[in-house]
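> With the UniProt record's numbering, you'll find the sequence shown wraps up at 342, consecutive numbering, no jumps. Yeah, the Cβ is synthetic: ideal placement off N, Cα and C, and Gly gets one too. Here it is, the structure in full.
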Amino acid sequence: MQTLFASSHRFCELHLSVSGPTEWLENVSMGPFSQLTKLVVKAWPTRPGCRGLTPILSASPLLHQIDWSAPVDPSPLVGIYGHQFLTLDLLDIGLRTDSILSILAACPQLLSANFDFIVEMDEAFLQCEIVMESLTSLTLSGSTYMPIHLLKSICAPLLHTFCITWTGEGDRALMANPLGFFLMHSPLLQVLKLHYVIHSEMALIWILRTHPHIKHLSVKAVRGSQANLLTDRTFRLLTCEEGETHRQGVLLPQLEVLSIIGGLFGMHGGRNALGNRAILDFTRSRSPRTPASASPQPGLLRLVELDNCEGRVSGTTFIRESVDNHATTSNYRRLQGWIRWW
Numbered sequence: 001m002q003t004l005f006a007s008s009h010r011f012c013e014l015h016l017s018v019s020g021p022t023e024w025l026e027n028v029s030m031g032p033f034s035q036l037t038k039l040v041v042k043a044w045p046t047r048p049g050c051r052g053l054t055p056i057l058s059a060s061p062l063l064h065q066i067d068w069s070a071p072v073d074p075s076p077l078v079g080i081y082g083h084q085f086l087t088l089d090l091l092d093i094g095l096r097t098d099s100i101l102s103i104l105a106a107c108p109q110l111l112s113a114n115f116d117f118i119v120e121m122d123e124a125f126l127q128c129e130i131v132m133e134s135l136t137s138l139t140l141s142g143s144t145y146m147p148i149h150l151l152k153s154i155c156a157p158l159l160h161t162f163c164i165t166w167t168g169e170g171d172r173a174l175m176a177n178p179l180g181f182f183l184m185h186s187p188l189l190q191v192l193k194l195h196y197v198i199h200s201e202m203a204l205i206w207i208l209r210t211h212p213h214i215k216h217l218s219v220k221a222v223r224g225s226q227a228n229l230l231t232d233r234t235f236r237l238l239t240c241e242e243g244e245t246h247r248q249g250v251l252l253p254q255l256e257v258l259s260i261i262g263g264l265f266g267m268h269g270g271r272n273a274l275g276n277r278a279i280l281d282f283t284r285s286r287s288p289r290t291p292a293s294a295s296p297q298p299g300l301l302r303l304v305e306l307d308n309c310e311g312r313v314s315g316t317t318f319i320r321e322s323v324d325n326h327a328t329t330s331n332y333r334r335l336q337g338w339i340r341w342w
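Listed below in structure tokens is the structure:
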């Protein structure tokens, strides 16, 4: 190890996976890590905590990206060195809401952050609002407690990409107001992924009305309980009138990628002819009029992924795959319906 770390001044990226004692770090001369920009920690012993990483972080003036998978809360280290971080990926470790807020507060220059939340704190302990002036990408993922107070405590006015996934059990209507509050302060969103958090079609439509710059929209609904979440109304509002050039009044006038998984059973499995017609009208209105116009243009669809689609539109192919028929084969795809421009 001494020989390896003797070249630490040449490291640009360092991956650590340490499962045993870290006393050896105290006997190894480290640094300076003058070229180190990215640190990946795959494993780290719970005890004695993260103190062994201090020599690395303190000698890495250019370090700005941290990918953390170890089951140890990195908040103490981030609190000291977070001022230089631009990217944090903490999706593989469950963090309490207060830990996430502390990390954000310690990283004022942060551009991108991924968090896996596991515990919500009582609102009485969360009286602060964290304003992230530079944050452009945020991913939140959890499976236990709803991130209600977390969403109410973060403000990211320059946010470009937001992805939230919550796979827990509970009334998703409780998340509507906090989610709306958070998104209201992020008017520049272009990529929005709402996975298992929308409770009603009206809630989704309200979000889309208030974020006209969205180019990439992904919605996932809970199988079974939300089988009929969306109706033809959503697709009618996304459909441009014939001959319309500026797409005024239409939802998401700049939409290029749409993915809806689940929530469409009433339109397809329920044999809703009106719903199928609405999807066809939507795709036609957003497709290139002629092959010559197939070059990328704002508001022209590049990719649509839907559940259980069938049919054909000029310039568009619908491919239908059944989950039941493919679930036990290597050809099973998570996205059953694909619409692609050929």
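For the beta strand (DSSP E) that S102 lies in, which residues bound it at each end?
No beta strand (DSSP E) holds S102; the alpha helix (DSSP H) holding it covers 97–105.
> State the Cα-Cα distance for the pair T316 and L4, rounded to the nearest angstrom.
Only weak support is given to the placement of T316: the predicted model assigns it a pLDDT of 38, under 50, and the value that follows is read from those uncertain coordinates. The straight-line gap from Cα to Cα measures roughly 56 Å.
> Alpha carbons only, please: which of P147, P55, A176, L151 is nearest the one belonging to W166?
P147
> Once you ignore the five residues that flank Y196 on each side, which residues in its own chain have a CB closer than 8 Å to its CB?
T165, W166, T167, R172, K220, A221, V222
> Drop a sphere of 10 angstroms on the beta-carbon of E129, count the other beta-carbons inside from all chains shown, and report buried for 16 or more, exposed for fewer.
When all chains shown are included, E129 counts as exposed.
> Whole angstroms are fine: how far does the CA of I207 sit from the CA of residue 345?
No statement about residue 345 is possible, as the shown extent of the chain runs from 1 to 342 and does not include it.
> Do you know offhand how far Q254's Cα is from Q35's?
41 Å
> Could you name the residues of the same chain whose beta carbon sits closer than 7 Å to that of L135, not counting the 5 residues immediately before and after it, in chain order?
L110, L111, A113, A156, L158, L159
> Leaving out the 5 sequence neighbours to the left and right, which residues in its chain are closer than 6 Å to S69 when beta-carbon positions are compared?
For S69, where only same-chain residues beyond five positions count, the Cβ hits under 6 Å are K42, D92.
> Starting from V78 and walking both ways along the alpha helix (DSSP H), at which residues does that stretch end?
75–81
> Across which residues does DSSP place residue 375 in a beta bridge pair?
Summary: the structure shown does not reach residue 375, with the chain confined to residues 1 through 342, and so no result is reported for it.
> Using DSSP bridges, identify the partner residues of S58.
Looking at the DSSP assignment, S58 forms no beta bridge with any residue, so it has no partner.
> Quick one: grab the DSSP three-state call for A43.
strand
> Go ahead and pull the three-state DSSP assignment for L192.
strand
> Going by C-alpha distance, which of H83, H216, E256, S200 is nearest T231?
S200
> Within a Cβ cutoff of 6 Å, which residues of the same chain sit near G82, ignoring the five residues on either side of it in sequence?
A106, C107
> Have a look at L188 and H216 and give me their C-alpha separation to the nearest angstrom.
13 Å
> Mind listing, in chain order, the continuous beta strand (DSSP E) runs of no fewer than 3 residues lying wholly within the segment 212–249?
216–220
> How big is the Cα-Cα spacing for R96 and G79?
15 Å
> Tell me which same chain residues have a C-beta within less than 6 Å of the C-beta of S218, skipping the five on either side of it?
K193, S259
> Residue 350 to L174, Cα distance in whole Å?
Residue numbering for the chain in the displayed model covers 1 to 342; residue 350 lies beyond these limits and cannot be assessed.
> Quick one: what's got a C-beta closer than 6 Å to residue 345's C-beta in the same chain, skipping five residues either side?
Outside the shown range of the chain (1 to 342) lies residue 345, about which nothing can therefore be said.
> Identify, in the order they occur along the chain, each residue of the same chain with its Cβ nearer than 6 Å to the Cβ of I118, setting aside the five sequence neighbours on each side.
G94, T144
> Please return the same chain residues whose Cβ sits closer than 8 Å to the Cβ of G262, not counting the five positions on each side in sequence.
K220, A221, V222, R223, Q226, A227, L229, D307
> E133 lies in the beta strand (DSSP E); which residues open and close that run?
Looking at the DSSP string, E133 is not in any beta strand (DSSP E), and its letter there is neither H nor E.
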